[in-house]
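Chemist: One structure, as structure tokens, below. Some questions next.
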Amino acid sequence: MHADIVVLPGDGIGPEIIAAALPVLEAVARRHGHDFAFHEHDIGGIAIDRHGQPLPAATLEAAQKADAVLLGAVGGPKWSDPNAKVRPEQGLLAIRKGMGLFANLRPVRPHAAALGASPIKSELLEGVDIMVVRELTGGIYFGDKTRSDTDATDLCRYTVAEVERVVRRAAELARSRRGHLTSVDKANVLETSRLWRDVAARVMREEFPDVAVEHQLVDSMAMHLLSKPRAYDVIVTENMFGDILTDEASMLAGSLGLLPSASLGAGKAGIYEPIHGSAPDIAGKGIANPYATILSAALLLRHSLGLEQEAAAIEAAVDAALHAQAFTADLAAPGRALSTGQAAQAVIDRLGA
Ligand code: IPM
Ligand code: MN
Numbered sequence: 015m016h017a018d019i020v021v022l023p024g025d026g027i028g029p030e031i032i033a034a035a036l037p038v039l040e041a042v043a044r045r046h047g048h049d050f051a052f053h054e055h056d057i058g059g060i061a062i063d064r065h066g067q068p069l070p071a072a073t074l075e076a077a078q079k080a081d082a083v084l085l086g087a088v089g090g091p092k093w094s095d096p097n098a099k100v101r102p103e104q105g106l107l108a109i110r111k112g113m114g115l116f117a118n119l120r121p122v123r124p125h126a127a128a129l130g131a132s133p134i135k136s137e138l139l140e141g142v143d144i145m146v147v148r149e150l151t152g153g154i155y156f157g158d159k160t161r162s163d164t165d166a167t168d169l170c171r172y173t174v175a176e177v178e179r180v181v182r183r184a185a186e187l188a189r190s191r192r193g194h195l196t197s198v199d200k201a202n203v204l205e206t207s208r209l210w211r212d213v214a215a216r217v218m219r220e221e222f223p224d225v226a227v228e229h230q231l232v233d234s235m236a237m238h239l240l241s242k243p244r245a246y247d248v249i250v251t252e253n254m255f256g257d258i259l260t261d262e263a264s265m266l267a268g269s270l271g272l273l274p275s276a277s278l279g280a281g282k283a284g285i286y287e288p289i290h291g292s293a294p295d296i297a298g299k300g301i302a303n304p305y306a307t308i309l310s311a312a313l314l315l316r317h318s319l320g321l322e323q324e325a326a327a328i329e330a331a332v333d334a335a336l337h338a339q340a341f342t343a344d345l346a347a348p349g350r351a352l353s354t355g356q357a358a359q360a361v362i363d364r365l366g367a
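Numbers in our numbering are just positions in the sequence shown, counted from 1, shifted up by 14.
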């Protein structure tokens, strides 16, 4: 098949991890007879430098027309002045919103070979397979903000329709997995969370009677995620709770550099990006872990292009590379680390296996 893929390297380690992931996609295309055209555009800090804004119109237009978007990371100290008028992160939020990508899928599957890298006891991690569905275009991220000399506000707002659609997406995933959904909120304090819980409960009762649902408060969820991660199948939650819980969940996998994500809307298009940031401290050194980005490319093949076999081939190759201890510095024993490019090559070498 032919596919147009918009590539947004962004800032920090973004260009390095994207440069590592594209050859993996090219290798898959060659092997399976596909023709992927990559179109590179600016987003984030580099877009501020070159165009004066974090999401240039040309980038959004290209992304809206493409079959899918592969994104590296945005942000860095250069653009972090708290008084700056524009910030790289605004570009990321605007493209998510502009493409209507309300459901952010963040799978967490600790790999046997990397269990030792997790601060959590290995016996708690065996068999963990969680899909977090984070609401991505609502809540406190997108509410009105105010700032004066003496105070500041961020409005948190959710509509019934916004909760319904993301709960439906999560429930469908749960139905295709182990049939269990955990909806996370703070309904003992927040009105938006009481709405969330009411809507989630109704959608599940009326449309998904075959899927078991459980409601959890976010604070206890943060604890249970570490103390009994095997108990969870699909977790659905609002934007900021999902942001925080998935950084926490990355520690189950041993490294923030292993978690991919897919941001999806009503149609087939999506943005695929690692959940980690631009890691300015290690940028330009060629030592970043490319696996989260490569696994995001696999999700792109699955969700936007419908290429399940090809997606599974990449995931199996990453599994095999991890099994062979093909680790970058975040996971490797001292003196044993591969470079970003070597780790990507370890995946390509195992694509046919
Ligand atoms: C993420 C990131 C972003 C978010 C930032 C960079 C705006 O942390 O994708 O999780 O908070 O959504
Ligand atoms: Mn985050």
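Where is the CB? At the ideal position from N, CA and C, for every residue including glycine.
(1) If you reduce the DSSP assignment to three classes, tell me which class ILE144 lands in.
(2) Give a yes or no on whether the C-beta atoms belonging to ASP247 and ALA188 are separated by under 7 Å.
(3) Take VAL227 as the anchor and find which of SER234, VAL181 and HIS65 has the nearest alpha-carbon.
(4) Of the residues ALA87, LEU139, PRO68 and GLU252, which one's Cα is nearest the Cα of GLU178?
(5) Suppose you measure from the CA of ALA311 to the CA of GLU176; what does that come to, to the nearest Å?
(6) Determine the burial state of ALA98: buried for a count of at least 16 other Cβ atoms within 10 Å of its Cβ, exposed for fewer.
(7) Report back the beta-carbon spacing between ALA263 and GLU30 to the nearest angstrom; my notes put them in contact at under 8 Å.
(8) If you draw a straight line from the alpha carbon of GLY105 to that of VAL88, how long is it in whole angstroms?
(9) Does the beta carbon of ASP95 fall short of 6 Å from some heavy atom of the ligand MN?
(10) Does at least one heavy atom of the ligand MN sit under 6 Å from the Cβ of ASP257?
(11) Which residues in the same chain as ILE289 place their Cβ atom closer than 8 Å to its Cβ, once the five residues preceding and following it in sequence are excluded?
(12) Cα-Cα, which of ASP199, GLU220 and ARG219 is closest to TRP210?
(13) Per DSSP, what kind of secondary structure is ARG350 in: helix, strand or coil?
(14) Does HIS65 come out as helix, strand or coil in the three-state DSSP assignment?
(15) Grab me the residues of ASP165's own chain with a C-beta within less than 8 Å of its C-beta, minus the 5 sequence neighbours each way, in chain order.
(16) Could you tell me if the beta carbon of GLU103 falls within a distance shorter than 6 Å of some heavy atom in the ligand IPM?
(17) State the DSSP-derived secondary structure class of ASP18, mapped to helix, strand or coil.
(18) Determine the burial state of LEU169: buried for a count of at least 16 other Cβ atoms within 10 Å of its Cβ, exposed for fewer.
(19) Can you tell which of GLU149, ALA327, PRO348 and ALA335 has its C-alpha closest to the C-alpha of LEU39?
(20) Got a sec: does the ligand IPM put a non-hydrogen atom nearer than 6 Å to the Cβ of LEU106?
(21) Could you have a look at PHE222 and say whether DSSP puts it in helix, strand or coil?
Modeler: The short version:
(1) strand
(2) yes
(3) VAL181
(4) GLU252
(5) 27 Å
(6) exposed
(7) Contact doesn't hold; Cβ gap of about 24 Å is too wide.
(8) 8 Å
(9) no
(10) yes
(11) ARG120, THR260, ASP261, SER264, LEU270, LEU273, PRO274, SER275 and ALA306
(12) ASP199
(13) coil
(14) helix
(15) none
(16) yes
(17) strand
(18) exposed
(19) ALA327
(20) yes
(21) coil
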